[in-house]
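In what follows, a structure is listed as structure tokens, so that the remarks can point back to it.
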Amino acid sequence: KEDFSGHQVLRILAANEAQVEKVRELEKLEHLQLDFWRGPSRLFLPIDVRVPFSSLQSVKVFLEANGVKYSIMIEDVQLLLDEEEKEMFAFRSRARS
Amino acid sequence: TDTFNYAAYHTLAEINEFIDLLVAENPNLVSKIQIGNSYEGRPLNVLKFSTGGSNRPAIWIDTGIHSREWVTQASGVWFAKKITDDYGQDEKLTAILDSLDIFLEIVTNPDGFAFTHSSNRLWRKTRSISAGSSCVGVDPNRNWDAGFGLSGASSNPCSETYHGKFANSEVEVKSIVDFVNSHGNIKAFISIHSYSQLLLYPYGYTTTQAAHQPELDALAKAAVNNLSSLYGTKYKYGSIITTIYQASGGTVDWTYNSGIKYSYTFELRDTGFYGFLLPARQIIPTAQETWLGLITIMDYTLKHPY
Chain A
11 KEDFSGHQVL
21 RILAANEAQV
31 EKVRELEKLE
41 HLQLDFWRGP
51 SRLFLPIDVR
61 VPFSSLQSVK
71 VFLEANGVKY
81 SIMIEDVQLL
91 LDEEEKEMFA
101 FRSRARS
Chain B
1356 TDTFNYAAYH
1366 TLAEINEFID
1376 LLVAENPNLV
1386 SKIQIGNSYE
1396 GRPLNVLKFS
1406 TGGSNRPAIW
1416 IDTGIHSREW
1426 VTQASGVWFA
1436 KKITDDYGQD
1446 EKLTAILDSL
1456 DIFLEIVTNP
1466 DGFAFTHSSN
1476 RLWRKTRSIS
1486 AGSSCVGVDP
1496 NRNWDAGFGL
1506 SGASSNPCSE
1516 TYHGKFANSE
1526 VEVKSIVDFV
1536 NSHGNIKAFI
1546 SIHSYSQLLL
1556 YPYGYTTTQA
1566 AHQPELDALA
1576 KAAVNNLSSL
1586 YGTKYKYGSI
1596 ITTIYQASGG
1606 TVDWTYNSGI
1616 KYSYTFELRD
1626 TGFYGFLLPA
1636 RQIIPTAQET
1646 WLGLITIMDY
1656 TLKHPY
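Line by line, the protein sequences give chains A and B.
In this text, residue positions in the first sequence follow this note's numbering: the first is 11, and each later residue adds one.
In this text, residue positions in the second sequence follow this note's numbering: the first is 1356, and each later residue adds one.
Here is the structure:
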């Protein structure tokens, strides 16, 4: 199973079109292996992106250098997945019993 | 199916077991149609809810075309049970089913869904092999023959929005296309995704307004108001391209261009900070509120034949 330990989901709040464009530049950098959960949109809805641990530092530096506000929506994706899996397992064993 | 746990996420096998059980419990209302097989050979099962007649006007609902959007398949299971519970009890749904059929495809991308359980919980695409590339899968919501390959999809097989080699290259998409074309009397088509609380209508590949845009917008507004009335979940609505971004090769652009006027995409919860990893405790409230939006669209379809 794919392990997402250390991966974080950043919630980016672009203040204007120029900042949305900056985020779009990130989208094009394949080596960062970014996974946009919510891509840049018309309505300036939050942009949510899963960032592998290896890319975290450079993505945060890039955003901060461009004055783009962000918060950490999910500290560690794998922790949340482990919780989800535990819950599914618990339900299943209850169902079996 | 009364003891089935609707407040938990389930595997593909458990959902298929639920489907067979629901059919067995309701032989006069529910049947299972297999519209094809997925790329890896899994059945593409569609539930048909019908109270008689042949080739009646119908409503299509699908969930799980993006496999990681687990709250949608879970909501689809809840919708199926809701329909069997409410027929004969709820006036609105009974009137709908006395005149229209409902088709519900709960696991529209079974290969991707199985993969989210076995290998990668965040898998979104199909699992087809792209010749010449080490990357797998096509975005099944970019593979339809509506603006296919235009801006708003990627030609890179490694991208999450890869549109595929050609329109309908994905058997999971082609099977629905063939079913809709052969049925020929689908009047509403609702494709359910997550997340970001949106109700969207065509177009996504062009800024050209849909011919029925005022009517689609008014119906979306009514559906969102109804949906929000339950738990206050805030939704936005509008055409795909003006509300979120340009997206080509999308499902409801093709269904609308095929003459299905009431073509909508839902983006369900997350209202908080979980994204695709929405806790199972939110499945039922999400399904309940979405149902109010669905009923609004289905009721309108019944009362506004075309």
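Heads up, the beta-carbon is just placed ideally off N, CA and C, and yes, glycines get one too.
No experiment lies behind these values; they were computed from the predicted model shown.
Within the DSSP secondary-structure output, Trp1609(B) pairs in no beta bridge.
Here DSSP, grouped into helix, strand and coil, assigns Gly1396(B) to coil. In the DSSP secondary-structure assignment, Ile1457(B) is bridged to Phe1404(B) and Ile1414(B).
Bridge partners of Tyr1592(B) according to DSSP: Leu1554(B). Contact between Glu1515(B) and Asp1494(B) holds: their C-beta atoms lie close to 6 angstroms from each other, under 8 angstroms. The criterion of a C-beta distance shorter than 8 angstroms is satisfied by Arg1411(B) and Asp1456(B). Under the DSSP definition of a beta bridge, Gln18(A) partners with Val61(A). Interface residue (Cβ-Cβ distance to chain A less than 8 angstroms): Asn1580(B) is not classified as such. Straight-line measurement puts the Cα of Ala1486(B) at about 34 angstroms from the Cα of Ser1551(B). Phe1359(B) sits in coil when the DSSP states are folded into three classes, being neither helix nor strand. Per DSSP, the continuous alpha helix (DSSP H) segment holding His1472(B) begins and ends at Pro1465 to Ser1473. Annotated as distal: Leu1452(B) and Ala1435(B), with beta-carbon spacing of 8 angstroms or more. For the region 1475–1490 of chain B, residues whose beta-carbon sits nearer than 7 angstroms to a beta-carbon of chain A comprise Asn1475, Arg1476 and Leu1477. Chain B places no beta carbon closer than 8 angstroms to that of Glu35(A), leaving this residue out of the contacts. In summary, the residues of the region 1627–1650 of chain B whose CB is separated from some CB of chain A by less than 8 angstroms are Phe1628, Tyr1629, Gly1630, Phe1631, Leu1632, Pro1634 and Ala1635, in the order they occur in the chain.
By the neighbour-count criterion, in which 16 or more other beta carbons inside 10 Å mark a residue as buried, Ala1566(B) falls on the exposed side. Annotated three-state conformation of Glu1622(B) is strand, per DSSP. Of Leu1399(B), Lys1403(B), Gln1444(B) and Ala1469(B), the smallest CA-CA separation from His1365(B) is found for Ala1469(B).
The beta-carbon distance between Asp1608(B) and Tyr1560(B), rounded to whole angstroms, is 6 angstroms. This is short enough to meet the 8 angstroms contact definition.
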